[in-house]
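Chemist: Before we start, here is the structure in question, set down as structure tokens.
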Amino acid sequence: MMADGSGKPPDKSVVIGPLKLTDYTRKERWLVTLLCTKEGTGRGVPDGCRIRVFKSQTATLLAGRPFGRTSDKIRLSLLLHDYVITPRNAINVESFKSIHGKPKLAVTFHSNEDDVLARYRYEELVFKDQSEKSTSHVGKLERILRQGPYKDMHTFIVEIIPHQTIPEGPAGVSIFPTHISIAKRFTTEENSKKKLVKTSRKLKMKRLPLVVTLTNVKSYCSLSVGFRFDTSQKAYFFKCCRKDGEDMSDLMSNLLMTSRGVLKRPDTAGSTEPTYVNEWEARRCELDIHGGIKLNVGVFAAKPEPGQPWVLYFFIDRQGASLHSLKQRFPAAVEMVCPSRAFQMVDDLSINVDLPDGWSTINVVKEVPKTDFSALEDPFIHDICIQHENHDKKQFHGRIYIRQGLSETLRITLNVITNFSLYERVGKKRAEEPLYDLVPATRGRSEPTGDTPIWLRQFSERRQLWEKLDTYNLFGNDWRLFAEKIGLDYQAIVTIENHSRARDSRETSPTELVLREWERGRTAVPVSEDALVRILHDMGRPDIIQDMRLQVPELADFRVEATTPDTIHVTWEPTSDDVTHYTIEMAPADGSAPCHRRQENCRSLVFRDLNPDTVYDICIQPAIQRVTGEWINITAKTEQACTELQLPMTRHCH
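To get my numbering, take the position in the sequence shown, counting from 1, and add 851.
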């Protein structure tokens, strides 16, 4: 089938061959010659490449006579396939050598209407030169493709992490201006042959290559061990070296920013789905979410030994279940590494581990469907085995991310923080002596300086914080979570927990002990008022922010910009860009109509379809997440409607 219907190929065509073709899509092998035409041959496709595959005459080759080196000597009756590859349907191109050293080229692209068979989702073709000396054919084909449809392709070598819906192992991630493709690597002839067998065995797996358009990429996250990106259907995790990850992160950021700049904002009018703004909203349990399951999540572990494997026991259990009973399922020496906290599950879970340099794990990702928790009788436990590879590295700060579905905000972060140097002197301490040395309660606080926040200088402010955080909270947002959020060593949390339970320490607040460690500089987050506000927001404690007046949403200006007989235009300016949204109420001043209430995150609003010559009361309340400010009220009056049109008099002459 010839795409243009002419008897002769175009003059600008390039003949390449003979080549051995292995068609992995159709499980066929041919000796072929290619006729390549650049720039789409009148199709209007920039950087396109038309490739026509002709069956070679083996007898001619054996006789030593030259095969059709020019396009006018090719017999059109031997046409096997007619392809057009463009930057939009290109998937991957990779050059490699066979086990005998012969150059090969793997070309993968989506099928199109010009394929004479048109029965396959994608084409996967491997071309090989006839001999080691004749290397110009594969090289010529590669140059044509890389200067054409694959010109803007950036390929990164990655490792597909196990336990996903795509086959594990080495792969190539190719990033195009419009899409991302993940394809298995053709490193040797043996790998190429195994590909057919391996993909056919895993019936539940998605076969590679996998192509995702950039418009379908919901988020991209660079991790210390690799990267992940989420689509509207699934999340995918890959390992790669740090340098490749940084280059890929920059490339993805630029492409996503460009692709999303032309997208229209989706219409969310009438949507009843809940909106989450921080971690607390992702696990808030005072309000039921439709279809949600109330659960608790945390981490147990034994004391780590430098240079030895360290197992973290990540658990999910029913809300309100006894932690003491749960602890009996683990070895006797385990401790609570991450304090238990509550969350409400509304979608499938994806558990991802991010470790610092010097440590590694094969348990990077775990995906659990929501149906597994519908009738949870026994707790769900996921073992994470961590290897201490670099003994010079002592400070450990790992993170466990629990994401629900594909939402960027439905995510919980558990921080595992400790210093491995603590455990090098275990043999020098008595069994009952804690590993972590707290600031002695008798020493008290250090003298305040000018840089010390006001709430730390005043005893009344500190006491108010004690009263809020000391009380045990079912949802887990008490002093324990506060200590984790500021980056306190988990051994310090264990020591404070044991110290607060002792009989002789009733007058010592655990929150006060945490504050002393924070002032002492033994945390990952430096002490500041901004850090306190950010952490309390993340914990879901706006009550503390509001009661201590740590953050007060205010407006610098609120005024009427313009009025018409049926509209009122109001504008306002906040004193800080931290304000996240505004609650606005409007009603006739005489009470003749009900109050209209709405939430906005803009700084200007036009009320329409109003009554003429009517006075309206308009109120606005700024808010920073769930911390609300004072109501501000103004009055505005619509203009009087023009009921009579005055026409000029015209004098008629008879």
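Idealized CB from N, CA, C, for every residue including glycine.
On the three-state DSSP scale, how would you describe Glu879?
Modeler: Glu879: strand per DSSP, three-state reduction.
Chemist: Where do the N-terminal and C-terminal ends of the alpha helix (DSSP H) with Tyr1001 fall, by residue?
Modeler: Segment: none, Tyr1001 is in no alpha helix (DSSP H) and carries neither H nor E.
Chemist: With respect to 7 Å, is the separation between the Cβ of Leu996 and the closest non-hydrogen atom of the ligand FMN below this value?
Modeler: Here there are no bound small molecules, and the ligand FMN is not part of this structure.
Chemist: Name the one or two DSSP bridge partners that Lys874 has.
Modeler: Position check: residue 874 holds Asp in this sequence, whereas Lys was assumed. Looking at the DSSP assignment, Asp874 forms a beta bridge with Glu879 and Leu976.
Chemist: In the DSSP assignment, find the unbroken beta strand (DSSP E) run with Asp1394 in it and report its ends.
Modeler: Counting along the chain, Asp1394 falls outside any beta strand (DSSP E), though it belongs to the alpha helix (DSSP H) covering Pro1393 to Asp1398.
Chemist: Relative to the C-alpha of Ser1032, which candidate in Arg939, Thr1264 and Asp1208 has its C-alpha closest?
Modeler: The shortest Cα separation from Ser1032 among Arg939, Thr1264 and Asp1208 belongs to Arg939.
Chemist: Where does Thr1465 fall in DSSP's three states?
Modeler: DSSP places Thr1465 in coil when its eight states are reduced to three.
Chemist: Please work out which residues of its chain come closer than 6 Å, Cβ to Cβ, to Arg1459, disregarding the five sequence neighbours upstream and downstream, and give them in chain order.
Modeler: Once the five neighbours on either side are set aside, the close Cβ partners of Arg1459 are Thr1418.
Chemist: So what's His1388 in DSSP terms, helix, strand or just coil?
Modeler: If DSSP states are grouped into helix, strand and coil, His1388 belongs with the helices.
Chemist: Is it right to say Glu1275 is buried, meaning 16 or more other beta carbons lie within 10 angstroms of its own, or is it exposed?
Modeler: Looking at its Cβ environment, which holds fewer than 16 other Cβ atoms inside 10 Å, Glu1275 is exposed.
Chemist: Secondary structure at Ala1086, three-state DSSP: helix, strand or coil?
Modeler: DSSP places Ala1086 in strand when its eight states are reduced to three.
Chemist: Tell me the start and end of each unbroken alpha helix (DSSP H) in the segment 1309-1384 that is at least 4 residues and wholly inside, in chain order.
Modeler: Counting whole runs of 4 or more residues, the segment 1309-1384 contains the alpha helix (DSSP H) stretches 1310-1320, 1330-1336, 1341-1352 and 1361-1370.
Chemist: Under the three-state reduction of DSSP, which class applies to Asp1234: helix, strand or coil?
Modeler: In the structure shown, Asp1234 sits in a strand (DSSP, three-state: E or B).
Chemist: Looking only at its own chain, which residues have a Cβ that is under 8 Å from the Cβ of Lys1154, when we skip the five neighbours before and after it?
Modeler: The answer, listed in chain order, is Ala1184, Glu1186, Tyr1274, Val1277 and Leu1286.
Chemist: Between the beta-carbon of Met962 and the beta-carbon of Lys955, is there less than 8 Å?
Modeler: Inspection of the sequence shows that residue 962 is occupied by Ser rather than by Met. In this structure, Lys955 does not lie closer than 8 Å to Ser962 by Cβ.
Chemist: Measure the beta-carbon distance from Asn1147 to Ser1191 and round it to whole angstroms, keeping in mind my assumption that it falls under 8 Å.
Modeler: The pair is a contact, with the Cβ atoms about 5 Å apart (cut-off 8 Å).
Chemist: Give a yes or no on whether the C-beta atoms belonging to Asn1452 and Asp1468 are separated by under 8 Å.
Modeler: Contact: no.
Chemist: Alpha carbon to alpha carbon, what distance is there between Ile1144 and Met1196?
Modeler: Met1196 and Ile1144: Cα-Cα distance of roughly 5 Å.
Chemist: In the structure shown, what three-state DSSP assignment does Asp1408 receive?
Modeler: Here Asp1408 sits in strand by DSSP.
Chemist: To the nearest angstrom, how far is it from the Cα of Tyr934 to the Cα of Ala1152?
Modeler: Going from the Cα of Tyr934 to the Cα of Ala1152 covers about 57 Å.
Chemist: Tell me whether Arg1180 is buried or exposed, calling it buried when 16 or more other Cβ atoms sit within 10 Å of its Cβ.
Modeler: Exposed.
Chemist: Excluding five sequence neighbours on each side, which residues of the same chain lie with their C-beta closer than 8 Å to the C-beta of Ala1474?
Modeler: Cβ neighbours of Ala1474 beyond the five flanking positions: Pro1404, Val1430, Thr1431, His1432, Tyr1433, Thr1434 and Gly1480.
Chemist: Would you call the segment 1306-1320 and the segment 1383-1402 touching, i.e. three or more CB-CB distances under 8 Å?
Modeler: Because the criterion of three Cβ pairs below 8 Å is met, the segment 1306-1320 and the segment 1383-1402 touch.
Chemist: Does the segment 1212-1220 come into contact with the segment 1361-1378, if we say contact requires no fewer than three beta-carbon pairs (one atom in each stretch) closer than 8 Å?
Modeler: Flag = no, the segment 1212-1220 and the segment 1361-1378 do not touch.
Chemist: What does the alpha-carbon distance come out to for the pair Phe1333 and Gly1209?
Modeler: Looking at the two C-alpha atoms, the distance is approximately 27 Å.
Chemist: Using the Cβ count rule (16 or more neighbours within 10 Å means buried), how would you classify Pro1160?
Modeler: By the neighbour-count rule (16 or more Cβ atoms within 10 Å), Pro1160 is not buried but exposed.
Chemist: Roughly how many whole angstroms lie between the Cα atoms of Glu945 and Asn1214?
Modeler: For Glu945 and Asn1214, the distance between alpha carbons rounds to 30 Å.
Chemist: Please name the residue in His1447, Arg1454, Pro1445 and Ala1413 whose C-alpha comes closest to that of Trp1423.
Modeler: Measuring from the Cα of Trp1423, the nearest candidate turns out to be Arg1454.
Chemist: Starting from Lys1145 and walking both ways along the alpha helix (DSSP H), at which residues does that stretch end?
Modeler: No alpha helix (DSSP H) contains Lys1145, which is instead part of the beta strand (DSSP E) from Ile1144 to Ala1152.
Chemist: Taking the beta strand (DSSP E) that Lys1245 falls in, what are its first and last residues?
Modeler: Here Lys1245 belongs to no beta strand (DSSP E), and DSSP marks it neither H nor E.
Chemist: CA-CA distance, Arg1036 and Ile1251?
Modeler: Approximately 30 Å, taken between the alpha carbons.
Chemist: Between the alpha carbons of Phe1409 and Cys1470, how many angstroms are there, rounded?
Modeler: If you take the alpha carbons of Phe1409 and Cys1470, they lie about 10 Å apart.
Chemist: Skipping 5 residues on each side, what residues in its chain have a beta carbon closer than 7 Å to that of Ala914?
Modeler: In this prediction, Ala914 has a pLDDT of 37, which is less than 50 and means its spatial position is unreliable; nothing more can be read from the coordinates.
Chemist: So Leu1177 is in the alpha helix (DSSP H); what residue range does that whole segment cover?
Modeler: That run of the alpha helix (DSSP H) goes Leu1174 to Lys1178.
Chemist: Can you check whether the CB of Gly1327 is closer than 8 Å to the CB of Ala1172?
Modeler: No, Cβ-Cβ distance for Ala1172 and Gly1327 is not below 8 Å.
Chemist: Whole angstroms is fine: what's the gap from Glu907's alpha carbon to Asn1105's?
Modeler: The sequence given here has Ser at residue 907, not Glu. In a straight line, the C-alpha of Ser907 is about 45 Å away from that of Asn1105.
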